[in-house]
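Remarks on the structure that follows.
Protein chains in written order, with my numbering: chain A, 10 to 558; chain B, 111 to 330.
Structure, rendered in structure tokens:
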């Protein structure tokens with residue numbers, strides 16, 4: 010191996026080191042050990058949260074963390090956040106300390122892996138040996154990792170090739186780094202070659218997953234799926250395979266399958282926020298609201314103390330609860346609506362600078378009031394959202410469509426129509442949004458018709474009350490001509506006709522008309538306040554048709 | 111409802127091993143504290159500690175057998191041979207201060223294997239050698255034609271001719287002396303596979319003028 014002039018003491022002397030352990034003796038011992046090996050700048054942390062906070066502000070060269078950190082975040086989560094947020098540079102080193110109680114982890118099957126594991130209990134000789142090994146390798150890889158830290162991918166990739174030539178023994182480490190970059194840059198053909206090279210040596214899980222990813226990108230979905238399923242058979246805990254299977258199912262437009270794969274992944278690894286939120290989103294699209302609600306709730310819980318804050322996830326969570334909210338005043342409904350209001354309030358606080366979030370959250374509040382049957386509050390929130398939207402420049406289309414939908418929900422049909430027409434005229438709608446707008450428009454015309462038929466109905470009632478039955482019937486006929494006419498309007502029409510026949514003349518056609526109207530109404534249950542009128546009219550019609558025959 | 115009895119046994123065994131671990135830890139703490147013991151007491155105490163370590167070793171071995179049979183999924187990861195050997199060396203010289211335990215392997219030699227299983231296998235062979243009277247152990251590692259070969263050499267009396275035949279152990283279900291140990295090691299080797307090749311074990315005695323056993327473990 011090259012870099013033979015490696016000196017551990019000299020290397021550690023220059024490093025900013027973080028040691029994390031929740032046990033005070035272990036922490037002290039670790040610091041002492043590191044000092045004896047040559048480290049000069051050592052910070053120590055007691056738990057995962059403290060460690061993550063430190064990592065956010067300090068550039069560490071070496072982090073040594075116990076996997077088990079008591080309550081809260083564990084070592085793996087500290088590592089994931091550090092890598093995901095870019096706070097842990099590629100050139101830096103993360104060493105995980107594991108013990109008897111550490112859950113089984115398959116190296117090579119984690120998205121973010123430490124550079125090395127050291128098993129407890131250990132002696133200073135063991136730590137020295139392992140650090141010497143891993144830091145020496147890191148020093149060989151330094152030209153690559155430095156380029157990665159600068160996001161100079163071309164240079165990093167070419168360095169991989171040249172360093173591999175000098176250090177053929179490091180092929181697994183180097184090609185793993187290289188293929189990660191190739192995938193990031195969507196150079197699937199090149200990545201595939203490297204994955205094949207690795208697999209010809211040994212079928213390591215990450216190379217199998219990588220190969221499947223490349224094949225999926227090339228459209229070879231079936232082969233990709235086969236590899237993933239084989240990989241899962243061999244490494245049943247390799248959750249990322251399930252993620253990739255979900256991605257492929259999405260490409261195949263099999264959202265149900267995608268949901269099932271994600272559910273499987275979540276059951277294996279419930280702590281992963283991104284997976285939970287992806288499951289929530291897909292289940293939401295699949296209209297599987299109970300699954301969506303549970304997944305998003307979990308994602309929200311997990312993201313409480315985390316960097317993975319996603320405003321969209323929070324909004325979707327609030328939407329996923331709506332199916333349980335109605336005007337029944339039931340405990341569940343009230344509880345869920347309270348959850349929505351709490352989440353929205355919290356979200357508005359967290360994303361106070363995010364205009365879109367503020368408006369979307371206000372719209373959700375308004376819609377929640379609609380579902381609760383509280384129209385006044387709903388309208389109030391709707392007005393608030395409208396005001397915010399008006400003051401926003403370049404409001405996203407999604408948001409404007411949400412507003413249009415809320416207008417519809419709150420009975421503001423003209424506004425809704427105007428907004429949708431405006432979006433359509435501007436040609437701003439992509440395929441998905443156009444489809445959404447179409448649906449809204451259908452609802453709108455139905456709502457409009459219902460509203461119009463209600464207006465005619467109101468006029469007809471005036472004639473009916475004045476005793477002008479034929480005029481009333483004429484107008485009621487207009488009102489019920491709309492398929493959207495509500496049950497009350499239909500009942501009114503029947504009542505006018507029955508009253509006309511009872512007081513004037515029995516008309517067989519009119520009897521048929523009434524029967525048809527009853528058919529349109531369907532059944533009105535005894536619990537419904539209109540039931541007695543419905544029953545009375547049915548009896549009246551029955552007598553009339555008996556008389557007629 | 112079906113009940114997985116083996117799961118219960120395995121988890122209980124694991125708990126017991128952990129309890130034992132705590133006991134050994136306590137014993138070590140006691141040893142490190144400065145209570146004054148007579149030399150006779152010290153002897154007894156060291157014997158006690160040694161016995162605890164021995165039980166733990168037996169436990170590990172038993173668990174490994176159990177795992178091979180049932181739930182254990184070997185995890186083949188890249189390890190550096192010298193690092194792995196040094197760990198074993200440390201453990202053995204700690205357990206048996208009088209033992210000469212030498213290791214030799216190229217510094218940059220790495221290989222994919224399940225280190226837990228290999229640890230149990232080598233432990234087994236070394237303990238067998240010590241029981242037979244060996245006082246020197248040599249552990250060598252090399253790469254030969256796409257195999258990792260681990261040599262375990264000792265200076266004991268060597269293996270009797272009939273024991274050099276591995277089939278002997280299989281036909282008797284491992285009931286011969288040391289048989290279960292060799293069978294376990296064989297199984298550990300065979301668990302290692304790569305592109306259709308399977309690990310194996312070879313037993314032999316060192317040629318004259320040396321004496322003692324020479325065991326080779328081949329991992330693909």
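Even glycine gets a Cβ: it sits at the ideal position worked out from N, Cα and C. All values reported here derive from a predicted model rather than from experimental measurement.
- By the neighbour-count definition (other C-beta atoms within 10 Å, threshold 16), residue 203 of chain A is a buried residue.
- Annotation: the continuous beta strand (DSSP E) that includes residue 223 of chain B extends over 220-223.
- Listed in chain order, the beta strand (DSSP E) runs fully inside the stretch 228-298 of chain A amount to none, counting runs of at least 3 residues.
- With contacts defined by Cβ atoms closer than 8 Å, residue 34 of chain A and residue 61 of chain A do not form a contacting pair.
- Between residue 139 of chain A and residue 127 of chain A, the gap from beta carbon to beta carbon is short of 8 Å.
- Contacts between residue 222 of chain B and chain A, judged by CB atoms closer than 7 Å, involve 211 in chain order.
- For residue 261 of chain B, the three-state secondary structure derived from DSSP is strand.
- Nearest neighbour of residue 295 of chain A by Cα position, chosen from A/265, A/56, A/330, turns out to be A/265.
- Interface criterion met: the Cβ of residue 196 of chain B is under 8 Å from a Cβ in chain A.
- The distance from the Cβ of residue 108 of chain A to that of residue 129 of chain A is about 4 Å, consistent with a contact at the 8 Å cut-off.
- With the rule of 3 Cβ pairs closer than 8 Å, the stretch 342-360 of chain A does not count as touching the stretch 389-401 of chain A.
- Judged by DSSP in its simplified three-state form, residue 119 of chain A adopts coil rather than helix or strand.
- Nearest in C-alpha terms to residue 328 of chain B, of all of B/168, B/148, B/134, B/256, is B/256.
- Straight-line spacing of the CA atoms in residue 329 of chain A and residue 371 of chain A works out to 16 Å.
- In the structure shown, residue 238 of chain B falls within a helical segment according to DSSP collapsed to helix, strand and coil.
- Restricting attention to B/135, B/246, B/206, B/272, the CA atom closest to the CA of residue 262 of chain B is found in B/246.
- When secondary structure is reduced to three states using DSSP, residue 483 of chain A falls in the helix class.
- Short of 8 Å from the beta carbon of residue 192 of chain B, and not among the five residues preceding or following it, lie these beta carbons of its own chain, in chain order: 213, 215, 216, 217, 219, 251.
- In this structure, residue 322 of chain A lies away from residue 352 of chain A, with their beta-carbon atoms at least 8 Å apart.
- Flagged as an interface residue toward chain B: residue 135 of chain A, by a C-beta distance shorter than 8 Å.
- Between the beta-carbon of residue 484 of chain A and that of residue 523 of chain A there is about 16 Å, and that puts the pair past the 8 Å contact cut.
- Under the three-pair Cβ rule at 8 Å, the stretch 481-498 of chain A counts as touching the stretch 458-466 of chain A.
- Every alpha helix (DSSP H) of 4 residues or more that sits fully in the stretch 160-194 of chain A is shown, in chain order, as 162-175, 180-193.
- Counting along the chain, residue 332 of chain A sits inside no beta strand (DSSP E), nor does DSSP assign it H or E at all.
- The residue from A/41, A/58, A/260 with its alpha-carbon nearest to that of residue 50 of chain A is A/41.
- At a cut-off of 8 Å between beta carbons, residue 365 of chain A makes no contact with chain B.
- In this structure, residue 169 of chain B and residue 222 of chain B do not form a Cβ contact; the two beta carbons are roughly 27 Å apart against a cut-off of 8 Å.
- C-alpha of residue 224 of chain B to C-alpha of residue 234 of chain B: approximately 16 Å in a straight line.
- Annotation: residue 105 of chain A to residue 26 of chain A spans about 14 Å, alpha carbon to alpha carbon.
- If only complete runs of 4 or more residues are kept, the stretch 207-231 of chain A shows the alpha helix (DSSP H) at 214-226, in order along the chain.
- With its beta carbon at least 8 Å from every one in chain B, residue 20 of chain A lies outside the interface.
- The continuous beta strand (DSSP E) containing residue 315 of chain B extends over residues 310-315.
- In terms of CA proximity to residue 252 of chain A, A/291 leads the group A/307, A/291, A/526.
- When the beta-carbon positions are compared, residue 152 of chain A and residue 172 of chain A come within less than 8 Å of each other.
- As the crow flies, the alpha-carbon of residue 233 of chain A is around 21 Å from that of residue 277 of chain A.
- Proximity of residue 214 of chain B to chain A, defined by a Cβ-Cβ separation below 8 Å, is not satisfied.
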